[in-house]
Amino acid sequence: MLTTRPCTATCVIDGMPVILTFYPDNGVLRIADPSGVCIRETRWHASWRALLDEFRSYTERAEVEKQHVDELVDRPGECPGHSMPIAAIA
Numbered sequence: 014m015l016t017t018r019p020c021t022a023t024c025v026i027d028g029m030p031v032i033l034t035f036y037p038d039n040g041v042l043r044i045a046d047p048s049g050v051c052i053r054e055t056r057w058h059a060s061w062r063a064l065l066d067e068f069r070s071y072t073e074r075a076e077v078e079k080q081h082v083d084e085l086v087d088r089p090g091e092c093p094g095h096s097m098p099i100a101a102i103a
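Residue 14 is where the sequence shown starts when you use the numbering used here, and the numbers rise one by one after that.
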């Protein structure tokens, strides 16, 4: 059985550094605090690149609209200013 390595990035969401860990083989996305404690676990059904692009555009929108990360994760496809529905977060 082939095991893929997770993709990992650190970013700042709502002023707090978080670690994004994405497992492309099963689509699991974990958002953890800097100490590694899982804050949120969900599924992402698109590529790692699409995930990074989404968080990048979220950060830009959040600066203008004062959104919170829960809006991105809980209500996919309803983010104002996004040209395509976000159907990949489940």
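Where is the CB? At the ideal position from N, CA and C, for every residue including glycine.
A quick note: this is a predicted structure, and the numbers were derived from the prediction, not measured.
- prompt: Can you round the beta-carbon distance between I44 and R53 to whole angstroms, since I take them to be within the 8 Å contact cut?
  reply: Distance from I44 to R53 at the Cβ level is roughly 4 Å; contact confirmed, criterion being Cβ atoms closer than 8 Å.
message: If you reduce the DSSP assignment to three classes, tell me which class A59 lands in.
response: Secondary structure of A59 (DSSP, three-state): coil.
- prompt: What does a CB cutoff of less than 6 Å around G40 pick up in its chain, not counting 5 residues either side in sequence?
  reply: Taken in chain order, the residues that qualify are R56, W57, H58.
Those residues which DSSP pairs with V25 across a bridge: Its beta-bridge partners are P30.
message: Helix, strand or coil for H95? Go by DSSP, reduced to three states.
response: At H95, the pLDDT of 44 sits below 50, so the modelled position is not reliable; the number obtained from the coordinates is stated separately. It is coil, neither helix nor strand.
query: Cα separation between R18 and D38?
result: If you take the alpha carbons of R18 and D38, they lie about 9 Å apart.
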